[in-house]
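What follows is a short report on a single structure.
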Amino acid sequence: MSFSSSDPDILTRTDGSLLFVQIHRPVKKNALTPGMYTALGEALRYADSDDSINVIVIRGTDDCFTSGNDVNSFVSGADEPGERPSLGFMKAISQAQKPVVAAVSGPAIGIGTTMLLHCDLVYASEQSHFQLPFSRLGVCPELGSSLLLPYFLGHQRAAELLLLGDRFSAETARAYGLINNVLPPEETLQFATDKARELASLPNHALQVSKRLMKRNLENVLPDTINLELKEFGKLLRTPEAQTIIEAFLNRKK
Ligand code: COA
């Protein structure tokens, strides 16, 4: 079996038993469109279904992981009917059976940070930074972050990140236990790849069972949390307050 991405802004390649998935929309700082979410979800599901893939590596471009959801799709009326592609991606990454390793460079904003909470190993360059600007945009946390961040960090530190929504550095992310290591920019991808190869060389089935056991406590509550967050997010997005903030972002250079 081989995999080809359904979206030109998501690049995939296999190297031995690793599947590399690259978010690649540099002109828009790798902002995620519905098509990109679909392709990301498909890649993750493919990896789980193909016995020749042992580990997934997610990366962005050299100077940006992702600026998060494409803000254009936050504009009222931009929603398409049916299940949102972002939900398909959220399910795929939160339920991925095989280990997922992330290599982060530059900004990782919004879902760029929350997707890391579902990865198994995360390596970030010294120049990376993180932000959960949901309340600043007039919306609320997503991808299970309202559950996972307080669970990982305690309520107060999670509140600092999710309610104040300030940008934080790779060093802070490491100190909080959100990432494994901070590396010089030119070494980050190689380091993440080496760790992915190390994982891939271990007994595959044992890794998957271990991962499942590690996530067992949350697997009953996570899907509900993700759905509830999306519902609240959708309601907040439609408020005049959120729409004004989003329009201000989109018009800021005019
Ligand atoms: N959605 C849509 N477009 C985005 C985007 C996003 N999330 N993030 C960046 N872009 C676009 C910009 O509008 C700009 O497009 P233009 O050149 O056509 O004007 C281009 O990408 C470059 O962005 P710019 O802001 O000029 O780059 P920067 O290096 O100064 O800043 C960021 C990079 C990521 C810090 C900044 O773009 C940002 O904060 N983006 C918004 C993040 C956000 O709020 N995401 C939603 C989270 S829920």
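Numbering-wise, the sequence shown is residues 5 to 258 according to this note's numbering.
Where a beta carbon is used, it is the ideal one built from N, C-alpha and C, also for glycine.
Because the structure is a prediction, the values reported are computed rather than measured.
One or two residues paired with residue i in a DSSP bridge
i	result
SER173	HIS133
ALA35	ALA35 is not bridged to any residue.
LEU125	VAL105
ASN58	According to DSSP, which records beta bridges pairwise, ASN58 is partnered with nothing at all.
Burial state of residue i, where buried means 16 or more other Cβ atoms lie within 10 Å
i	result
VAL104	buried
ASN73	buried
PRO12	exposed
PRO188	exposed
ALA107	buried
SER150	buried
VAL3	Since the first residue shown for the chain is 5 and the last is 258, residue 3 is missing from the structure and cannot be characterised.
HIS209	exposed
Backbone secondary structure at residue i - three-state DSSP
i	result
ASN76	helix
ALA210	helix
PHE24	strand
ASP52	helix
PRO89	helix
ALA100	coil
ILE14	strand
Assumed close pair residue i, residue j - CB separation to whole angstroms, cut-off 8 Å
i	j	result
PHE324	SER139	For residue 324 there is no data in the structure shown, the boundaries of the chain being 5 and 258.
ASP66	ALA100	The pair is not a contact, with the Cβ atoms about 25 Å apart (cut-off 8 Å).
LEU36	CYS144	Rounded, the Cβ-Cβ distance is 18 Å, inconsistent with contact.
ILE249	LEU166	About 17 Å; that fails the 8 Å criterion.
ARG63	LEU193	6 Å
ALA128	ALA177	7 Å
GLN135	ARG171	4 Å
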